[in-house]
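In terms of my numbering, the sequence shown opens at residue 4 and continues consecutively. Just so it is clear, CB atoms sit at the ideal spot from N, CA and C, and this is done for glycine as well. Notes follow once the structure below has been shown.
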Amino acid sequence: MPIPDDNHLSENQRAWLELAGWLTAIAMPPLAWWCALRQGTPHDGAVFIGILAGTSAMWIFKLVPAFVPALFALLAVILFDIAPASVAAAGFASNGFFMLLSVFAIGALMTKSGLTRRVSLWMLRQVPDTPGWRQAGLCLYGLALTPLIPSQLARGAIVAPFLSMLVDAGGKRRDAAAGLFASAVGGVSLAAAVCLTGKPANLLAFGLLDSQTQFAFDWLPWLCAASLAGALLLAAHFATMRLLFCYPAPPGMPDTLPQRRAGTPGPMSRTEWGALAAIGLILIGTLSAPYHRVDIPWLALAVLVALLLFGALRNEDLNQRVDWSALIFVGAILSWAPIMDITGIDGQIAASLGGLGALMKSDLPAFLALLCPACVLLRLALPELVAEILLLTLLLPLAQAAGVSQWLIGFAVLTMCEAYQFPYQSPYHLYLDGQLAAPTGYDRSLLLRYNLAMTLARALTLFVSLPFWSWLNIV
């Protein structure tokens with residue numbers, strides 16, 4: 004279990020924590036293998052459970068970058084002959100992998116071309132000079148980036164300069180800075196689970212769904228199914244902002260944003276037009292998918308190939324701006340579902356947790372009432388992605404066996420694991436905190452209250468959305 008403020012540990016404490024982590028990672032695989040055999044798990048399944056135990060220990064103690072344990076698990080599956088290499092590495096040929104690659108690359112083109120900065124400056128000129136509108140503009144800008152930049156941290160990096168600019172323009176008041184900070188956090192995270200390309204874990208969950216559910220929940224159907232939950236979360240965000248961060252505008256505010264008087268940044272470059280055309284093609288292709296019947300990942304890949312052929316993206320752009328570690332991470336884990344099927348682990352999970360599966364089927368609200376606090380407690384100890392992987396790996400086979408929508412259970416996990424209360428739980432919060440240009444900082448107690456309110460709002464959103472999902476025949 005990682006110590007919350009491990010960035011403030013001494014070198015000696017770090018060394019002891021790392022030693023404890025490696026000892027745990029070494030001891031857990033044989034112990035988990037032995038326990039699985041005692042429970043009647045087939046030999047290959049028990050070995051895979053041991054591999055997952057060692058992988059989880061490396062994640063929990065943050066011994067190496069997150070993609071390394073995923074590669075370790077892939078290699079171990081092949082070396083122990085648990086599954087053929089074609090199955091173990093199938094994630095690198097999956098729809099989810101190529102979708103993530105294409106969206107990462109198009110997001111890189113938007114940043115490189117200056118299109119994101121142009122849109123940001125346009126937004127600053129349009130937003131009225133009042134605290135409420137500044138907060139709303141910052142939040143909506145982050146939300147607009149969500150479908151195109153599939154990483155909360157990358158969206159945070161784009162939003163950070165404008166957060167700092169607005170904090171400076173507001174006189175660096177602690178309450179005003181806290182309100183803008185909360186707006187930036189909301190923009191980065193509120194729609195992360197609503198859009199299929201909102202974060203890598205969504206593509207991971209998509210890859211773990213059975214083929215029929217994947218077909219039913221491509222990009223646009225995913226967005227439609229999550230639309231009510233997203234709208235409710237946005238309404239909860241604005242209501243919370245109104246309650247916690249409502250303060251009068253300081254005198255002289257209309258002249259505080261020099262960007263408003265700076266004029267236009269000049270005509271759009273060819274690269275910017277290319278980025279805009281790529282976004283337009285993907286949007287048109289997504290809306291017309293019922294007619295051309297081309298899967299969205301391959302449509303996005305076709306757009307990426309066209310950008311490469313015409314020189315809009317170069318080799319150095321892909322090397323520097325695409326998060327290859329996230330791609331390797333997702334590709335290595337997407338094969339876990341077929342491996343669990345081959346080894347019989349999914350059936351073992353359904354048999355061992357039959358009571359939980361029965362509750363999921365007979366009383367879904369009661370199951371969600373258990374799942375929501377479980378996610379919150381698990382996130383106190385585990386990073387978001389690790390918690391999501393563990394819960395998705397455990398619950399999606401259970402949902403399939405119980406006849407409950409895998410998408411609904413996966414969406415609930417993705418939504419609740421996104422919630423956090425303390426800065427150490429969120430890399431993008433820490434990044435924004437480090438980039439904030441206000442030496443006096445912001446009122447962290449207000450941020451804690453905002454995070455607690457939005458955690459509760461996320462849970463309530465799931466319950467309120469149940470009738471909507473029932474109407475869509477998802478439940």
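Quiz item: Does DSSP put P131 in a helix, in a strand, or in coil?
Solution: Sequence index remark: in the sequence shown, residue 131 carries index 128 (1-based). Three-state DSSP puts P131 in coil, outside helix and strand.
Quiz item: Going by C-alpha distance, which of Q403, I348, M419 is nearest G43?
Solution: As a position in the sequence shown, residue 43 is number 40, starting the count at 1. The shortest Cα separation from G43 among Q403, I348, M419 belongs to I348.
Exercise. Report back the beta-carbon spacing between G145 and A180 to the nearest angstrom; my notes put them in contact at under 8 angstroms.
Key: The count along the sequence shown starts at 1 and reaches residue 145 at position 142. The count along the sequence shown starts at 1 and reaches residue 180 at position 177. Not really, about 17 angstroms apart at Cβ, beyond 8 angstroms.
Quiz item: By DSSP, does L383 sit in helix, in strand, or in coil?
Solution: Counting from one through the sequence shown, the residue named residue 383 turns up at place 380. In this structure, L383 counts as helix in the three-state DSSP scheme.
Practice problem: With a threshold of 16 other CB atoms inside 10 Å of the CB of D84, please say whether the residue is buried or exposed. | Solution: Your numbering for residue 84 matches position 81 in the sequence shown. D84 should be labelled exposed.
Quiz item: From which residue to which residue does the alpha helix (DSSP H) around P150 run?
Solution: As a working mapping, residue 150 is identified with position 147 in the sequence shown. Per DSSP, P150 belongs to no alpha helix (DSSP H) and is neither H nor E.
Quiz prompt | Contacting residues, own chain, Cβ-Cβ under 7 angstroms from M113 (five flanking each side not counted) | solution = As a working mapping, residue 113 is identified with position 110 in the sequence shown. T119, L151, A278.
Quiz item: What span of residues does the alpha helix (DSSP H) with T44 cover, start to end?
Solution: Along the sequence shown, read from residue 1 onward, the residue named residue 44 stands at position 41. Element bounds for T44: n/a, residue is neither H nor E.
Quiz item: Around the C-beta of C198, are 16 or more other C-beta atoms found within 10 angstroms, so that it is buried, or is it exposed?
Solution: Within the sequence shown, residue 198 is the residue found at index 195, counting from 1. C198 comes out buried.
Exercise. Check whether the Cβ atoms of A185 and M244 sit closer than 9 angstroms, and answer yes or no.
Key: For the purposes of this step, residue 185 is taken as the residue at position 182 of the sequence shown. For the purposes of this step, residue 244 is taken as the residue at position 241 of the sequence shown. Result yes, Cβ atoms of A185 and M244 sit closer than 9 angstroms.
Exercise. Give the DSSP-derived three-state secondary structure of G24 in the structure shown.
Key: Here residue 24 is taken as the residue at index 21 of the sequence shown, counted from 1. If DSSP states are grouped into helix, strand and coil, G24 belongs with the helices.
Practice problem: Count the other CB atoms, across all protein chains shown, that sit within 10 Å of the CB of H2; report buried if there are 16 or more and exposed otherwise. | Solution: Residue coverage of the chain in this structure runs from 4 to 478, which leaves residue 2 outside it and unanswerable.
Quiz item: What number of angstroms, rounded off, separates the C-alpha of Q155 from the C-alpha of C142?
Solution: In the sequence shown, residue 155 corresponds to position 152, counting from 1. In the sequence shown, residue 142 corresponds to position 139, counting from 1. The straight-line gap from Cα to Cα measures roughly 13 angstroms.
Self-check item: Segments assigned alpha helix (DSSP H), at least 4 residues, entirely inside the stretch 340 to 364
Solution: 348 to 355
Quiz prompt | Residue interval of the alpha helix (DSSP H) (run including M102) | solution = Counted from its first residue, the sequence shown places residue 102 at position 99. Counting along the chain, the alpha helix (DSSP H) containing M102 begins and ends at 98 to 116.
Quiz item: Applying the criterion that 16 or more other CB atoms from any shown protein chain within 10 Å of the CB defines a buried residue, is P300 buried or exposed?
Solution: Here residue 300 is taken as the residue at index 297 of the sequence shown, counted from 1. Per the 10 Å Cβ criterion, buried.
Exercise. Starting from the C-beta of V478, find all residues in its chain whose C-beta is less than 7 angstroms away, skip the five residues before and the five after it, and write them out in chain order.
Key: For the purposes of this step, residue 478 is taken as the residue at position 475 of the sequence shown. Cβ neighbours of V478 beyond the five flanking positions: L367, S408, L411, L469, W472.
Quiz item: CA-CA distance, C227 and F466?
Solution: Here the question's residue 227 lines up with position 224 in the sequence shown. Here the question's residue 466 lines up with position 463 in the sequence shown. Answer to the nearest angstrom: the Cα atoms are 17 angstroms apart.
Exercise. In angstroms with no decimal places, state the Cα-to-Cα distance between Q16 and A422.
Key: For the purposes of this step, residue 16 is identified with residue 13 of the sequence shown, where counting begins at 1. For the purposes of this step, residue 422 is identified with residue 419 of the sequence shown, where counting begins at 1. Their backbone Cα atoms lie some 29 angstroms apart in a straight line.
Quiz item: CB-CB under 8 angstroms to P261, same chain, minus the five flanking residues each way: which ones, in chain order?
Solution: Along the sequence shown, one-based indexing puts residue 261 at 258. Bear in mind that a pLDDT of 48 at P261, under 50, signals an unreliable position, so the number given afterwards is only what the model happens to contain. Around P261: no qualifying Cβ.
Quiz item: Do you know how far the Cα of D213 is from the Cα of A3?
Solution: Absent from the model: residue 3. The displayed extent of the chain is 4 to 478, so no value can be given.
Self-check item: Cutoff 6 angstroms; reference G57; Cβ partners in own chain excluding five residues on either side
Solution: In the sequence shown, the residue the question calls residue 57 occupies position 54. So the qualifying residues of the chain are A28, M31, P32.
Quiz item: Between L417 and L459, what straight-line distance do the alpha-carbon atoms span, to the nearest angstrom?
Solution: Within the sequence shown, residue 417 is the residue found at index 414, counting from 1. Within the sequence shown, residue 459 is the residue found at index 456, counting from 1. Going by the C-alpha atoms only, they are around 15 angstroms apart.
Exercise. Could you give the DSSP three-state label for V407: helix, strand or coil?
Key: Here residue 407 refers to the residue found at position 404 when the sequence shown is read from its first residue. Looking at V407 - three-state DSSP - the assignment turns out to be coil, as it is neither helix nor strand.
Quiz item: By Cβ distance below 7 angstroms, which residues in the same chain neighbour L475 in space, the five residues on each side in sequence not counted?
Solution: For the purposes of this step, residue 475 is identified with residue 472 of the sequence shown, where counting begins at 1. Counting only Cβ-Cβ distances below 7 angstroms, and skipping sequence neighbours, we find A228.
Self-check item: Where D320 falls: helix, strand or coil (DSSP)
Solution: For the purposes of this step, residue 320 is taken as the residue at position 317 of the sequence shown. D320 falls in the helix class under three-state DSSP.
Self-check item: Exposure of E14, with buried meaning 16 or more beta-carbon neighbours within 10 Å
Solution: Here residue 14 is taken as the residue at index 11 of the sequence shown, counted from 1. It counts as exposed.
Quiz item: Expressed to the nearest angstrom, what Euclidean distance is found between the alpha-carbon atoms of R382 and A415?
Solution: Start at 1 with the first residue of the sequence shown, and residue 382 comes out as number 379. Start at 1 with the first residue of the sequence shown, and residue 415 comes out as number 412. Taking the straight line joining both Cα atoms gives about 14 angstroms.
Quiz item: Are N100 and L337 touching if we call contact CB-CB under 9 angstroms?
Solution: Position 97 of the sequence shown, counted from the first residue, corresponds to residue 100. Position 334 of the sequence shown, counted from the first residue, corresponds to residue 337. Just to set this straight, residue 100 is Phe in the shown sequence, not Asn. Yes, these two residues count as a Cβ contact at 9 angstroms.
Quiz item: Cβ of A49 within 8 angstroms of any heavy atom in the ligand PLP?
Solution: The model on display carries no ligand, and the ligand PLP is accordingly not part of it.
Quiz item: Is V325 helix, strand or coil by DSSP?
Solution: Stepping through the sequence shown from its first residue, residue 325 is reached at position 322. Note: V325 maps to coil in three-state DSSP.
Practice problem: Alpha carbon to alpha carbon, how far is A49 from A86? Give it in angstroms, no decimals. | Solution: For the purposes of this step, residue 86 is taken as residue 83 along the sequence shown, with counting starting at 1. For the purposes of this step, residue 49 is taken as residue 46 along the sequence shown, with counting starting at 1. Each residue's Cα considered, the two are about 13 angstroms apart.
Quiz item: Just to confirm, are Q428 and L451 a CB contact at a threshold of 9 angstroms?
Solution: Here residue 428 is taken as the residue at index 425 of the sequence shown, counted from 1. Here residue 451 is taken as the residue at index 448 of the sequence shown, counted from 1. No. Outside cutoff.
Quiz item: Just how far apart, CA to CA, sit L359 and A147?
Solution: By one-based count along the sequence shown, residue 359 stands at place 356. By one-based count along the sequence shown, residue 147 stands at place 144. For L359 and A147, the distance between alpha carbons rounds to 38 angstroms.
Quiz item: Grouping DSSP H, G and I as helix and E and B as strand, with all else coil, what is Q424?
Solution: Working through the sequence shown from its first residue, we reach residue 424 at position 421. Note: Q424 maps to coil in three-state DSSP.
Quiz item: Hey, how far is the Cα of V379 from the Cα of T274?
Solution: Here residue 379 refers to the residue found at position 376 when the sequence shown is read from its first residue. Here residue 274 refers to the residue found at position 271 when the sequence shown is read from its first residue. Cα-Cα distance, rounded: 43 angstroms.
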